[in-house]
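*Asks:*
Residue numbers (UniProt numbering): 1 to 278.
1. Residues bridged to residue 35 by DSSP?
2. Within a Cβ cutoff of 7 Å, which residues of the same chain sit near residue 60, ignoring the five residues on either side of it in sequence?
3. Can you tell me which of the three DSSP states residue 110 falls into?
4. Apart from the five residues just before and just after residue 231, which ones in its own chain have a Cβ nearer than 8 Å to its Cβ?
5. If we call anything under 8 Å between Cβ atoms a contact, is residue 93 one with residue 40?
6. With burial defined as no fewer than 16 other Cβ atoms inside 10 Å of the residue's Cβ, what is the status of residue 1: buried or exposed?
7. Leaving out the 5 sequence neighbours to the left and right, which residues in its chain are closer than 6 Å to residue 97 when beta-carbon positions are compared?
8. Looking at the secondary structure, which residues open and close the beta strand (DSSP E) in which residue 89 lies?
9. Quick check on residue 76: buried or exposed, where buried means 16 or more other Cβ atoms within 10 Å of its Cβ?
10. Check whether the Cβ atoms of residue 13 and residue 87 lie closer than 8 Å to each other.
11. Residue 223 lies in the beta strand (DSSP E); which residues open and close that run?
12. Figure out for me which residue from 38, 48 and 54 has the closest Cα to the Cα of residue 73.
13. Since residue 24 is in the alpha helix (DSSP H), which residue starts that stretch and which ends it?
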């Protein structure tokens with residue numbers, strides 16, 4: 001399951017939710033005060049998911065359901081009534097590569113996220129741009145390879161729609177155990193990777209920040225893994241962040257915003273301030 005930390009009380013959107021399995025798991029993580037929306041283009045999948053909404057609310061001891069499902073396309077979230085700046089977190093698991101218009105997906109995701117909100121998603125990427133004959137190959141598309149983005153295109157598309165630079169969380173090479181496909185994609189390497197994108201508020205200065213992690217995330221009290229190359233560490237001298245006892249890290253504006261928007265449920269984790277201009 002592809003999810004970031006610290007979801008309690010959040011509004012979460014699952015792109016390509018299928019029959020809702022991840023949404024029901026998320027409903028526990030966000031709690032009764034949070035909410036989860038799942039969207040999928042397949043009518044049959046949404047019908048299955050909707051059958052179990054009340055069951056899971058009762059199972060989790062909630063007074064009312066905190067999950068809803070919508071049939072629609074991830075490229076056109078506005079058509080199903082999803083409003084601007086309405087979600088804290090968006091997740092997606094190997095769905096965006098199936099979209100014929102990935103820029104539209106990212107643009108819509110950016111639109112519905114709150115300022116400081118996060119898109120946390122896994123997908124398949126490739127080491128160079130695929131030619132049209134491979135992008136249109138039915139078997140490669142079915143294996144989630146034909147729709148794989150060149151990772152540099154992901155960076156460009158994300159920045160074009162307004163996101164900060166994508167942060168790589170984890171990655172692993174994909175093995176192709178099919179002789180026919182191996183010869184077809186010779187010279188290309190495919191990777192399964194998880195990225196996080198942040199909608200940094202426009203009034204936040206795009207500079208370097210010093211941030212302090214206060215250790216308030218359950219099971220991450222001493223250290224918060226932000227991405228594949230960076231961790232926020234709590235001061236080793238004290239569990240209380242005093243000015244002379246904390247460890248400061250100089251990081252980009254996205255890291256200072258890891259906990260979300262100013263009024264959101266995730267703002268208590270990090271505190272940041274700009275460093276002096278060099």
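No residue lacks a Cβ here, since even glycine has one placed at the ideal position from N, Cα and C.
*Replies:* On the basis of the supplied data:
1. DSSP, once it has assigned bridges, lists 11 as partnering residue 35.
2. The answer, listed in chain order, is 27 and 28.
3. If DSSP states are grouped into helix, strand and coil, residue 110 belongs with the helices.
4. 223, 224 and 225
5. Taking 8 Å as the Cβ cut-off, residue 93 and residue 40 do not qualify as a contacting pair.
6. Within a 10 Å sphere around the beta-carbon of residue 1 sit fewer than 16 other beta-carbons, which makes this residue exposed.
7. Its chain contains 123, 124, 144, 147 and 148 as the residues whose beta carbon lies nearer than 6 Å to that of residue 97, once the 5 sequence neighbours on both sides are disregarded; these appear in chain order.
8. 87-93
9. Per the 10 Å Cβ criterion, exposed.
10. yes
11. 223-225
12. 38
13. 21-30
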